[in-house]
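These protein sequences, in sequence, are chains A and B.
Residue 269 is where the first sequence ends in our numbering, and the numbering goes up by one at each step.
Residue 140 is where the second sequence ends in our numbering, and the numbering goes up by one at each step.
Here is the structure we will look at.
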Amino acid sequence: MRDIILGVSPCWNCGASEPGRFCDACKALQPPVREYFAFFEVPPQLALDEKDLQQRFYALSRKLNPDLFSRKSPQEAEYALDATAVLNDAYRTLRDPISRAQYVLKLEGFDVGEQSTKDVPPELLEEVFELNMALEEANMGDPEAMDQVAGMRIRFEAMLIQTDAAVAKVSAAWDATHTREQLSELRGLLNRRKYITNLIDKANVPDRV
Amino acid sequence: MAYSDKVLDHYNNPRNVGSLDRASSSVGTGMVGAPECGDVMKLQIQVNDATGIIEDAKFKTFGCGSAIASSSLATEWLKGKSVDEALQIKNTDIVNELSLPPVKIHCSVLAEDAIKAAISDYRKKQGSDVAVTAAQTVA
Chain A
61 MRDIILGVSP
71 CWNCGASEPG
81 RFCDACKALQ
91 PPVREYFAFF
101 EVPPQLALDE
111 KDLQQRFYAL
121 SRKLNPDLFS
131 RKSPQEAEYA
141 LDATAVLNDA
151 YRTLRDPISR
161 AQYVLKLEGF
171 DVGEQSTKDV
181 PPELLEEVFE
191 LNMALEEANM
201 GDPEAMDQVA
211 GMRIRFEAML
221 IQTDAAVAKV
231 SAAWDATHTR
241 EQLSELRGLL
251 NRRKYITNLI
261 DKANVPDRV
Chain B
2 MAYSDKVLDH
12 YNNPRNVGSL
22 DRASSSVGTG
32 MVGAPECGDV
42 MKLQIQVNDA
52 TGIIEDAKFK
62 TFGCGSAIAS
72 SSLATEWLKG
82 KSVDEALQIK
92 NTDIVNELSL
102 PPVKIHCSVL
112 AEDAIKAAIS
122 DYRKKQGSDV
132 AVTAAQTVA
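The following block contains the structure:
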C-alpha cells in the first residue's frame with residue numbers, strides 16, 4: 061500500500077529505498093505525490109470521512125509548513141512549498157462531495173469537462189429549458205413577479221437537495237462495488253446538478269431596486 | 002476575455018429568437034445542452050416539403066454570449082439553404098465567423114449539434130421520404 065501511495069523512487073537525499081513522505085533513514089522531506097487520495101494516505105472513495113480528512117489536513121499542514129524548512133537545504137524548502145500547494149489543492153478538492161466526485165470521475169477516465177450533448181438525457185434538457193423559460197418570464201414581469209421567482213427558487217433548491225441525496229446514494233454504492241455504471245450514473249447526476257445550480261443562480265437576483 | 006464585435010452584435014441583437022410549431026411535420030426541433038456550463042439550446046427549422054429548402058429558423062438559448070451568438074448565426078445561415086446544404090455547416094465555420102477563442106469552441110460545437118438534431122428530427126417526421134431519398138442515393 062505504501063509503495064502505491066507514496067511512490068517508489070529512492071530518497072533524493074540519501075538514496076534509501078521506499079522513503080515515504082519523509083525518508084526513514086535521513087528524515088529528508090520527499091517530493092509530494094500528486095494524486096490527492098494518495099497524498100492524504102486514504103483509499104480513493106466517494107463517501108469519505110470528512111472529519112478524518114480535516115484532521116489529516118491540519119496534521120499535514122503543521123508537518124509541511126514551509127517555515128519549518130527555511131533553514132534546511134533549498135531542495136527541501138522547495139519540496140515543502142510544493143507539498144503545501146498540493147495539500148491545499150487536495151483538501152479543497154476532496155473535502156466537498158461534489159468536487160470529490162468530479163475528481164474521482166476524472167481519475168477513472170470520465171472526462172467531466174469535455175462532454176457532448178449526447179451525454180445529457182433529452183428529458184433533462186426539456187425540463188431545464190422549460191424551467192429557464194418560466195424563470196425568464198417571471199423575471200421580465202412586474203415587481204409582483206418577484207414572488208413567483210422566489211417560489212421557483214424554493215423549487216430549484218428542493219431539486220438540488222434531491223440530487224445531492226442521489227449523489228450520496230450512488231457514491232456509497234460505488235465505494236462498495238466499483239462499477240462503471242455507477243460512475244456513469246454519478247456523472248449524469250452531476251450534470252443535472254450543474255443545471256440546477258445554474259437555475260438557482262439565475263433565480264437569485266434579489267431586490268434589484 | 003473580451004468578446005469579438007460579431008459576438009456582441011449577435012448577443013445584443015440576436016436574430017430569429019422564438020419558436021416554431023413543434024407539432025408540424027415540416028418543423029424539425031433540436032434541443033441540445035452543454036452540461037459543463039449548464040447551457041441549453043433549442044433550434045428549429047421549418048422546411049418546405051416540396052423544395053427541401055429551409056424557409057425559417059428560430060432559436061432560444063440559455064447560456065453565455067458565445068452560445069447565444071453561435072445559435073443566432075446558425076439560424077441566419079440556415080435560412081434559404083437546402084437540408085443537405087445545412088448539414089455541411091461545420092462548427093469551425095462558426096468559430097471563424099465569430100472569432101471565438103479556444104475556450105468557447107464548445108459553443109460552436111453545440112450549435113452544430115443543434116442543427117444536426119433539428120434536421121434529424123425533421124427527417125424522422127418525414128419518415129417515408131427519408132427511405133426514398135436513401136434508396137435513390139444507393140441507386
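Just so it is clear, CB atoms sit at the ideal spot from N, CA and C, and this is done for glycine as well.
Alpha carbon of residue i to alpha carbon of residue j, nearest angstrom
| i | j | result |
| --- | --- | --- |
| residue 66 of chain B | residue 261 of chain A | 17 Å |
| residue 20 of chain B | residue 61 of chain B | 7 Å |
| residue 134 of chain B | residue 28 of chain B | Low confidence applies here, because residue 134 of chain B scores a pLDDT of 48, under 50, leaving its location unreliable and the question unanswered by this model. |
| residue 157 of chain A | residue 103 of chain A | 15 Å |
| residue 132 of chain A | residue 117 of chain A | 23 Å |
| residue 125 of chain A | residue 143 of chain A | 9 Å |
| residue 207 of chain A | residue 188 of chain A | 20 Å |
| residue 182 of chain A | residue 135 of chain A | 54 Å |
| residue 6 of chain B | residue 54 of chain B | 30 Å |
| residue 152 of chain A | residue 210 of chain A | 31 Å |
| residue 71 of chain B | residue 95 of chain B | 6 Å |
| residue 78 of chain B | residue 103 of chain B | 22 Å |
| residue 232 of chain A | residue 90 of chain A | 34 Å |
Under 8 Å between C-beta atoms of residue i and residue j
| i | j | result |
| --- | --- | --- |
| residue 80 of chain B | residue 58 of chain B | yes |
| residue 38 of chain A | residue 71 of chain A | Outside the displayed range of chain A (61 to 269) lies residue 38 of chain A, so it cannot be described from this structure. |
| residue 84 of chain B | residue 106 of chain B | no |
| residue 160 of chain A | residue 120 of chain A | no |
| residue 9 of chain B | residue 68 of chain B | no |
| residue 154 of chain A | residue 113 of chain A | yes |
| residue 73 of chain B | residue 11 of chain B | yes |
| residue 219 of chain A | residue 263 of chain A | no |
Classification of residue i by the beta-carbon crowding that lies within 10 angstroms, buried from 16 upward
| i | result |
| --- | --- |
| residue 69 of chain A | exposed |
| residue 258 of chain A | buried |
| residue 83 of chain A | buried |
| residue 145 of chain B | Here chain B covers residues 2 to 140 and nothing more, so residue 145 of chain B does not appear. |
| residue 22 of chain B | exposed |
| residue 239 of chain A | exposed |
| residue 145 of chain A | exposed |
| residue 192 of chain A | buried |
| residue 138 of chain B | Low confidence applies to residue 138 of chain B: its pLDDT is 44, below 50, so where it sits in the model is not reliable, and the reading given next is rough at best. That one is exposed. |
| residue 41 of chain B | buried |
| residue 43 of chain B | buried |
| residue 149 of chain A | exposed |
| residue 268 of chain A | Reliability of the predicted coordinates at residue 268 of chain A is poor, the pLDDT of 47 falling under 50, and no value is obtained from them. |
| residue 46 of chain B | buried |
| residue 111 of chain A | exposed |
| residue 129 of chain B | With a pLDDT of 49 at residue 129 of chain B, under the threshold of 50, the modelled position of this residue cannot be trusted; read the value that follows with caution. So residue 129 of chain B counts as exposed. |
| residue 127 of chain B | buried |
_Quick check: the stretch 159-166 of chain A against the stretch 13-26 of chain B, are at least 3 beta-carbon pairs closer than 8 Å?_
No: fewer than three Cβ pairs fall under 8 Å.
*asked:* I want to know whether the stretch 189-209 of chain A touches the stretch 225-241 of chain A - three or more CB-CB distances under 8 Å.
replied: Touching, no.
*So does the stretch 241-255 of chain A actually touch the stretch 27-39 of chain B, counting three or more Cβ pairs closer than 8 Å?*
By the Cβ criterion, the stretch 241-255 of chain A is in contact with the stretch 27-39 of chain B, since at least three pairs of Cβ atoms, one from each stretch, lie closer than 8 Å.
*Would you mind listing the alpha helix (DSSP H) stretches within the stretch 150-194 of chain A that are 4+ residues and don't spill past its ends, in chain order?*
Fully enclosed alpha helix (DSSP H) runs of 4 or longer: 157-167.
*Can you list the alpha helix (DSSP H) stretches of 4 or more residues lying completely in the stretch 188-265 of chain A, in chain order?*
For secondary structure counted as the alpha helix (DSSP H) over 4 or more consecutive residues, the stretch 188-265 of chain A holds these complete runs in sequence order: 205-237 and 240-262.
_Runs of 4 residues minimum, wholly inside the stretch 56-124 of chain B: which ones carry the alpha helix (DSSP H) assignment?_
You should have 66-79, 84-87 and 92-99.
*In chain order, each alpha helix (DSSP H) run of at least 4 residues that lies wholly inside the stretch 77-132 of chain A*: Runs of the alpha helix (DSSP H) inside the stretch 77-132 of chain A: 96-99 and 110-124.
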